[in-house]
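Read through the structure below, which is laid out as structure tokens, and then see the notes.
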Amino acid sequence: MPKCKHPGRSFLAHGKETTTGVISDVDPEMNDSDLVQLLSSTVIILDIDRIGRSRYVKVVFQCDSLPASVKVGYVRHRVRLYVPRPLPCHKGKKLGHVSAACKNAVACKWCGDAHDHVNGKGTLKMCKLFGSSRRNLY
Numbered sequence: 008m009p010k011c012k013h014p015g016r017s018f019l020a021h022g023k024e025t026t027t028g029v030i031s032d033v034d035p036e037m038n039d040s041d042l043v044q045l046l047s048s049t050v051i052i053l054d055i056d057r058i059g060r061s062r063y064v065k066v067v068f069q070c071d072s073l074p075a076s077v078k079v080g081y082v083r084h085r086v087r088l089y090v091p092r093p094l095p096c097h098k099g100k101k102l103g104h105v106s107a108a109c110k111n112a113v114a115c116k117w118c119g120d121a122h123d124h125v126n127g128k129g130t131l132k133m134c135k136l137f138g139s140s141r142r143n144l145y
């Protein structure tokens, strides 16, 4: 069997007839196998995934619209639409794409000028996207 040049994980899409939602306030001590057994809904649930170690769980439903709620055991949880975080580009400092697909020029993450932040002399530390001087954006 030939070896793959690019090892990695594969991603299997669920299809067009799916909707992804988020439920909150799920006990973080509950493991995934218990969550699968206790989760019930009026529509078919294709996949569940806990978001980190938080109280939020991402649920993929086989339907066009989200159900109003799901039950985890005897507790009813409201379902909200899942909105993923935008992809950050570390080359041009824009959102929505990654560095490998970036067609913009290199931008300094401190001042936004056309030089790298390592080699540049950008002393004004502010966010190019939002104009803020907060460092916690990066």
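Here the sequence shown is numbered in the numbering used here, starting from 8 and rising by one per residue. Ideal Cβ positions, reconstructed from N, Cα and C, are used throughout, including at glycine. Bear in mind the structure is a predicted one, so any value in this text is a computation, not a measurement.
Can you list, in chain order, the residues of its chain with a C-beta nearer than 7 Å to that of residue i? Leave out the 5 residues immediately preceding and following it.
i: C109; result: C96, K98, G99
i: S72; result: T26
i: L45; result: V79, G80
i: P74; result: S48, T49, V50, F68, V86
i: P93; result: L102, G103
i: V105; result: L94, C96
Quick check: what's the CA-CA separation for residue i versus residue j?
i: F68; j: S40; result: 18 Å
i: N38; j: K23; result: 29 Å
i: P35; j: V64; result: 10 Å
i: A107; j: V113; result: 12 Å
i: C70; j: L53; result: 10 Å
Pull up the DSSP beta-bridge partners for residue i, would you.
i: K79; result: Reading off the sequence shown, one finds Val at residue 79, where the question assumed Lys. Beta-bridge pairing links V79 to L46, V82.
i: P95; result: L102
i: R62; result: R62 is not bridged to any residue.
i: Y52; result: What sits at residue 52 in the sequence shown is Ile, not Tyr. In the DSSP output, where bridge partners are listed per residue, I52 has F68.
If contacts are defined as beta-carbon pairs under 8 Å, then residue i and residue j qualify, I think. What distance do you get, rounded to the angstrom?
i: V77; j: V66; result: 7 Å
i: R60; j: V33; result: At roughly 11 Å, the Cβ-Cβ gap does not stay under 8 Å, so R60 and V33 are not in contact.
i: L102; j: G28; result: Not a contact, Cβ separation roughly 23 Å.
Please list, in chain order, all residues of the same chain as residue i whose beta carbon is under 6 Å from its beta carbon, the five residues on each side excluded.
i: N111; result: G99
i: M8; result: Reliability fails at M8, whose pLDDT of 45 lies under 50, so the model's placement of it is uncertain and no value is given.
i: R57; result: V64
i: V90; result: none
Cα-Cα, which of the options is closest to residue i?
i: V43; options: I55, A107, V105; result: I55
For residue i, which residues of its own chain have a beta-carbon under 8 Å away from its beta-carbon, when the five flanking residues on both sides are left out?
i: I84; result: One detail in the question is off: residue 84 reads as His in this sequence, not Ile. If we look at H84 and ignore the five residues flanking it on each side, its Cβ neighbours are I30, S31, D32, V33, S76, V77, K78.
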